[in-house]
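So in the numbering used here, spot 323 of the sequence shown is number 327, and the numbers just go up one at a time. Just so it is clear, CB atoms sit at the ideal spot from N, CA and C, and this is done for glycine as well. Quantities reported herein were computed from a predicted structural model and do not represent experimental measurements. Structure first, then comments.
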Amino acid sequence: MKLKFVLSLLLISSALSVFSQKLTVQSPNQKIGVALFCNRNTDTGEWFLKTSYKDNGKTSDAIPCIDLGLSRSDQDFSKDLKFLKASKPLLINEQYTALHGKKSVCSNSANEVVISFENPSKAKLNIIIRAYNDGIVFRYEFPEKEGRFVIKDELTAYTIPKETTRWMEKWNTANEGLYTEMSDDKIVHQEWSYPALFNTSDKACWFLLHEADVNETYCGTKLSDAIDTTKYKLTFPNPKDGRGLGESQPTITLPWKSPWRVIIMGNLGDIVASTLVDDVSSPSVIKNTSWIKPGIASWNYWSSNHGTKDYKIVCEFADLAARMNWPYTLLDWEWDSMGNGGKMEDAVKYILSRGLKP
Numbered sequence: 005m006k007l008k009f010v011l012s013l014l015l016i017s018s019a020l021s022v023f024s025q026k027l028t029v030q031s032p033n034q035k036i037g038v039a040l041f042c043n044r045n046t047d048t049g050e051w052f053l054k055t056s057y058k059d060n061g062k063t064s065d066a067i068p069c070i071d072l073g074l075s076r077s078d079q080d081f082s083k084d085l086k087f088l089k090a091s092k093p094l095l096i097n098e099q100y101t102a103l104h105g106k107k108s109v110c111s112n113s114a115n116e117v118v119i120s121f122e123n124p125s126k127a128k129l130n131i132i133i134r135a136y137n138d139g140i141v142f143r144y145e146f147p148e149k150e151g152r153f154v155i156k157d158e159l160t161a162y163t164i165p166k167e168t169t170r171w172m173e174k175w176n177t178a179n180e181g182l183y184t185e186m187s188d189d190k191i192v193h194q195e196w197s198y199p200a201l202f203n204t205s206d207k208a209c210w211f212l213l214h215e216a217d218v219n220e221t222y223c224g225t226k227l228s229d230a231i232d233t234t235k236y237k238l239t240f241p242n243p244k245d246g247r248g249l250g251e252s253q254p255t256i257t258l259p260w261k262s263p264w265r266v267i268i269m270g271n272l273g274d275i276v277a278s279t280l281v282d283d284v285s286s287p288s289v290i291k292n293t294s295w296i297k298p299g300i301a302s303w304n305y306w307s308s309n310h311g312t313k314d315y316k317i318v319c320e321f322a323d324l325a326a327r328m329n330w331p332y333t334l335l336d337w338e339w340d341s342m343g344n345g346g347k348m349e350d351a352v353k354y355i356l357s358r359g360l361k362p
C-alpha cells in the first residue's frame with residue numbers, strides 16, 4: 005500500500021512538472037492571482053492562464069485553464085509560441101467619472117504585465133494581463149507596425165470544472181432570455197451569451213465572464229461548449245446572427261489590440277458592485293456631455309409586449325411617468341408602426357404636453 009501511495013505521488017509530481025509556470029500577476033490586495041503556464045517544460049509551446057482567489061487564508065483555483073492564441077489569415081499564433089520576455093509589473097492607477105451607472109467616481113487600479121512571444125515565423129504577439137482587486141483582464145496585441153489581416157479564429161477558451169455551478173443564457177442576438185442554473189450532468193452543449201456567472205464547488209469564489217472595449221476593429225463574441233461541456237470557447241458570430249450583414253471574421257490593421265477578456269471575481273457582492281467592464285473600456289469620445297441627463301423612464305414593453313405600436317398604451321405610460329415625477333417615457337421597438345388613435349408624431353406631442361421627454 006505504501007509503495008502504491010509513493011508511486012501515485014511520483015506520477016502526480018511528474019504530470020505537474022510537464023506544465024512550466026512562467027510568471028504570476030497578483031492584484032494590489034494580493035487576493036487574486038493569474039499565472040502563465042506552458043504545456044511543455046520549455047519556453048516554447050502552447051500557453052494558458054490559471055486564475056486563483058484567496059480569502060480568509062483559503063485559496064480557490066477558480067479557472068484551472070484558459071487557453072490562449074489567435075489564428076490569423078497569414079499564420080498561426082497558438083502553437084509553438086516562444087516566450088521572449090515579460091515586462092516589470094506596472095501599477096495602473098486612474099480615476100474617472102461616470103454620468104450613470106453604479107457610482108459617479110470610479111477607480112481603475114491594477115497590476116499590469118505585458119508578455120511578449122514570437123511564432124516560428126518570428127512574428128510577434130503580446131498578451132497584456134491585468135490583475136484587479138475585483139478580477140482579471142487580458143487582451144492580445146500585434147505590436148508590429150504594418151499589415152492588414154483577417155482573424156480566422158480566437159482560441160481563447162475557459163476550462164470550467166463540471167462541479168462549478170453556472171448561470172447562463174442561451175445565445176440569442178437580442179440578449180433577451182432567461183438564465184439556466186447548471187452543474188455536473190445538467191450542463192447543456194450549445195452557444196451562450198455574456199455575461200456568464202459561476203460559483204466554484206467549494207462556494208468560496210464567484211466569477212463572471214464578459215468582454216470589454218469592443219470596437220470597430222473586432223467583433224463581439226459568444227461562448228460555446230458545443231464540443232466539450234467543461235470548456236467554453238470564444239466563438240465569432242455566424243453570418244445569420246447579423247441577418248447576413250457584416251463580416252463574421254474581423255479584418256484588422258497593425259498595430260492592433262483585441263478587446264479585453266474580463267473575469268470579474270470575488271464574492272457575489274464584489275461582482276454586483278464591480279465596474280471592471282467600464283474601467284477597462286476606452287473613454288467616451290463625446291467631449292460635451294452637458295446635454296446627457298440620466299433619469300428614470302416609464303417603459304411599456306415590460307408589461308405590454310409590442311405596446312409601442314399602440315398610441316393609447318404609449319399615452320398611458322406617459323401619464324404614469326407624469327404621476328411619478330419621472331422625467332422620461334421610453335418608446336421602444338415598433339414606434340414606426342404606431343396606431344390605435346395616433347401616430348408617432350401625435351405621441352410625441354402628448355408626451356411633451358405632460359412635461360416629459362420621449
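Put simply, the stretch 80-92 touches the stretch 32-52. At least three CB pairs are less than 8 Å apart. In this structure the stretch 253-264 lies against the stretch 138-154, because at least three pairs of beta carbons, one per stretch, are closer than 8 Å. Shown here, Ala301 sits in a strand according to DSSP, grouped into three states. Comparing alpha carbon positions, the residue from Ser294, Lys128, Pro199 and Lys237 closest to Leu182 is Pro199. Distances from the CA of Pro287 to each of Tyr100, Leu95 and Leu238 were compared; the closest alpha carbon is that of Tyr100. The residues Leu335, Trp339, Asp340 and Met342, in chain order, have a CB closer than 8 Å to that of Met348 in the same chain once the five nearest residues on each side in sequence are set aside.
Between the beta-carbon of Ile140 and that of Met269 there is about 7 Å, and that keeps the pair under the 8 Å contact cut. Secondary structure note for Lys235: its beta strand (DSSP E) is the uninterrupted segment Lys235 to Thr239. Scanning Gln34, Gly105, Asn344 and Asn271 for the CA closest to the CA of Leu201 turns up Asn271. The way I'd put it, the stretch 53-72 does touch the stretch 199-218; three or more beta-carbon pairs between them come closer than 8 Å. Per the coordinates, the alpha-carbon of Val117 lies some 8 Å from the alpha-carbon of Ile131. In this structure, the beta-carbon distance from Lys26 to Ser77 does not fall below 7 Å. Rounded to whole angstroms, the separation of the alpha carbons of Leu324 and His310 is 18 Å. Rounded to the nearest whole angstrom, the CA to CA distance from Leu95 to Asn219 is 25 Å. Counting only unbroken stretches of 4 or more residues, no alpha helix (DSSP H) element lies wholly within the stretch 119-177.
Distance from the CA atom of Thr234 to the CA atom of Glu145, rounded to whole angstroms, is 27 Å.
Under the DSSP definition of a beta bridge, Leu227 partners with Trp196 and Leu238. Between Asn344 and Phe321, the C-beta gap is not smaller than 7 Å, which leaves the two residues out of contact.
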